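The structure appears right after this line, and notes come after that.
In the numbering used here, the protein residues as written are 807 to 1214.
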């Protein structure tokens, strides 16, 4: 009888623990959505800044560069630092920086003040991403692909809101509409007040630093340093190509659509929105599939599958742009969260560093790409940029020489 009661109690405790873990995963995913929504307030304002502040494509590129570079440079730094000494309260500090940056954008009178404001938003994002990934890692158990996808879906969904913000907020309200973005930060801080205590408790249970020892001791055998360097080198090269291509689509496709197809600002947001929202779907299912077929295989399918679609996109009639953009977002984004998990697994014990390195490098390359592509568009044409960047996904063929997954 006692054994029966004990079994029931154990099952109940297991169910409660599982529900708690999933509530944390979805909470962190929600914060990720709000964080990335604040970031895309900047890109959603690009057509507004172009008219209200008279900015060139190159200046728009510099705004994107400042935002993404601030985030990218600091992410590996924060990740490495938090590997040694995790500090859950930094999540709230980072979100406060983003709130101040968003508020400043609403009233920025010229280009240089805009740059200062986006630095605040970039710093907030730099703090959130490695710390958020650590929370996900602690909650993931043996379903890291699924957990990372739940987390990444939030970010991708937040990014997909940029076209809707342009259509429904910034076109009618103008630059002052950015003040509504502070509500996103306030909501994120409210959710973090639930996440941070759980995160703190888990670090206490793990012993914080022993988490690194545990990762090393329970994952045998260790990976040769040469294999790690080769894997990370190839992975970052692939991330570079994907980030530049994403910078071309995310920052400039709306301008190309207006020039090539004669669309209005609002109409030009529709193909961009399809790319982003189907990217959310791809991110979720990509993580689930990666748990079954392996991280490397999933990345190959994602990267190679996007090549023909990217090559076709600049040469399509408007009718075909919509389905191709949808499919391209679905396939291309299905491998992003997987690449973060892949990096974590070939760098055991360095969760924050691996996460910060991949996502930070992605932001950094996107930043450089935004400046370079904007300058090229001013010098040549937006059509030239779109055709040239359609070749970038070909670099994804390098995924075939990535080191094989570790045993899961």
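A virtual CB, placed ideally from N, CA and C, is assigned to each residue, including glycine.
Being a predicted model, the structure only gives us computed values, none of them experimental.
Contact under 8 Å by Cβ, residue i with residue j
| i | j | result |
| --- | --- | --- |
| residue 1208 | residue 947 | no |
| residue 1112 | residue 1199 | yes |
| residue 922 | residue 1094 | no |
| residue 920 | residue 835 | no |
| residue 1108 | residue 864 | no |
| residue 904 | residue 936 | no |
| residue 1149 | residue 976 | no |
| residue 956 | residue 831 | yes |
| residue 1041 | residue 1164 | yes |
| residue 1189 | residue 1066 | yes |
| residue 1136 | residue 1087 | yes |
| residue 1053 | residue 1197 | no |
| residue 1062 | residue 1153 | no |
| residue 1201 | residue 1044 | yes |
| residue 1101 | residue 1034 | no |
| residue 1080 | residue 1128 | yes |
| residue 987 | residue 908 | yes |
| residue 1144 | residue 1082 | no |
| residue 1002 | residue 1126 | no |
| residue 1051 | residue 1116 | yes |
| residue 906 | residue 1008 | no |
| residue 852 | residue 1057 | yes |
Chain-order list of residues whose beta-carbon lies under 7 Å from that of residue i (same chain, five-residue window excluded)
| i | result |
| --- | --- |
| residue 1091 | 1140 |
| residue 1206 | 1106 |
| residue 967 | 843, 846 |
| residue 854 | 976, 980, 981 |
| residue 862 | 1184 |
| residue 856 | 866 |
| residue 1069 | 1063 |
| residue 917 | 859, 861, 865 |
| residue 990 | 840, 843, 844 |
| residue 829 | none |
| residue 1160 | 1149, 1150, 1153 |
Neighbourhood of residue i by C-beta, 6 Å cutoff - its chain only, sequence neighbours within 5 removed
| i | result |
| --- | --- |
| residue 911 | 923, 984 |
| residue 964 | 839, 842, 843 |
| residue 1078 | 969, 1059, 1060 |
| residue 1032 | none |
| residue 783 | Because the chain spans 807 through 1214 in this model, residue 783 falls outside it and cannot be assessed. |
| residue 941 | 834, 1005 |
| residue 1015 | Interpretation of residue 1015 is limited by its pLDDT of 43, a score under 50 that renders its predicted location unreliable; the figure taken from the coordinates is listed afterwards. There are no such residues. |
| residue 950 | 1147 |
| residue 1084 | 1132, 1135, 1136 |
Near the ligand PLP: residue i beta-carbon under 7 Å from a heavy atom
| i | result |
| --- | --- |
| residue 852 | Among the ligands in the structure shown, none appear at all, so the ligand PLP cannot be discussed. |
Whole-angstrom C-beta distance between residue j and residue i, which should lie under 8 Å
| i | j | result |
| --- | --- | --- |
| residue 1119 | residue 1134 | 7 Å |
| residue 870 | residue 1176 | 3 Å |
| residue 886 | residue 932 | Not confirmed; about 12 Å, so no contact. |
| residue 998 | residue 827 | Not quite, the Cβ-Cβ distance comes to about 17 Å (not below 8 Å), so this is no contact. |
| residue 1089 | residue 1142 | 6 Å |
Close-in-space but distant-in-sequence residues of the same chain around residue i (CB under 8 Å, 5 per side omitted)
| i | result |
| --- | --- |
| residue 900 | 929, 930, 931, 932, 933, 934, 937 |
| residue 1204 | 1040, 1043, 1044 |
Taking contact to mean at least 3 C-beta pairs separated by less than 8 Å, is the segment 839-855 in contact with the segment 914-933? yes
Curious, which full-length alpha helix (DSSP H) runs of at least 4 residues does the segment 1034-1070 contain? 1059-1067
Minimum length 4: unbroken alpha helix (DSSP H) runs contained in the segment 842-912: 852-858, 863-890, 896-911
Contiguous alpha helix (DSSP H) assignments of at least 4 residues, all confined to the segment 1071-1112: 1071-1099, 1101-1111
Would you mind listing the alpha helix (DSSP H) stretches within the segment 942-967 that are 4+ residues and don't spill past its ends, in chain order? 950-966
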